[in-house]
Amino acid sequence: MIREATAMTVRQNLGELLNEIQYRQDQVLITKGGKPVAAIVDVALFDKIRMMRAEFDRLTSDLAKAYQGEPVEVAEKEIAKAVAAARKR
1425 MIREATAMTV
1435 RQNLGELLNE
1445 IQYRQDQVLI
1455 TKGGKPVAAI
1465 VDVALFDKIR
1475 MMRAEFDRLT
1485 SDLAKAYQGE
1495 PVEVAEKEIA
1505 KAVAAARKR
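First residue of the sequence shown? That's 1425 in this note's numbering, and the numbers climb one at a time after it.
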């Protein structure tokens, strides 16, 4: 469950929130002035996010190398074509 809490509430109830995150796999969206500023998630989800970010960085780096020296329009057209083909599957 994603729970929203103010920064003040998080400060006052950090131990309780950590238990909810650790044992119930809850997530906390921390707000300040009504705006989201941070989130607390369990370690397993954080590890998945880090792995996905690393894979995204690797893929974008590979794409940049593959299209180095090509006009942006050529790369965008080929990528759009590949995305469309993948979505048809």
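Beta carbons: idealized from backbone N, C-alpha and C, even for Gly.
Based on Cα-Cα distance, which residue from the options lies nearest to residue i?
i	options	result
residue 1451	1434, 1508, 1491 and 1486	1434
residue 1467	1455, 1478, 1482 and 1447	1447
residue 1461	1443, 1428 and 1482	1428
residue 1456	1512, 1430, 1507 and 1479	1430
With DSSP run on the structure shown, which of helix, strand or coil describes residue i?
i	result
residue 1461	strand
According to DSSP, residue i sits in a beta bridge with which residue or residues?
i	result
residue 1473	Looking at the DSSP assignment, residue 1473 forms no beta bridge with any residue, so it has no partner.
residue 1456	1459
residue 1482	Partner(s): none; residue 1482 has no beta bridge.
Would residue i pass as a contact of residue j if the rule is Cβ separation under 8 Å?
i	j	result
residue 1454	residue 1445	no
residue 1491	residue 1499	yes
Could you give the first and the last residue of the continuous alpha helix (DSSP H) run that contains residue i?
i	result
residue 1500	1496-1512
residue 1446	1438-1448
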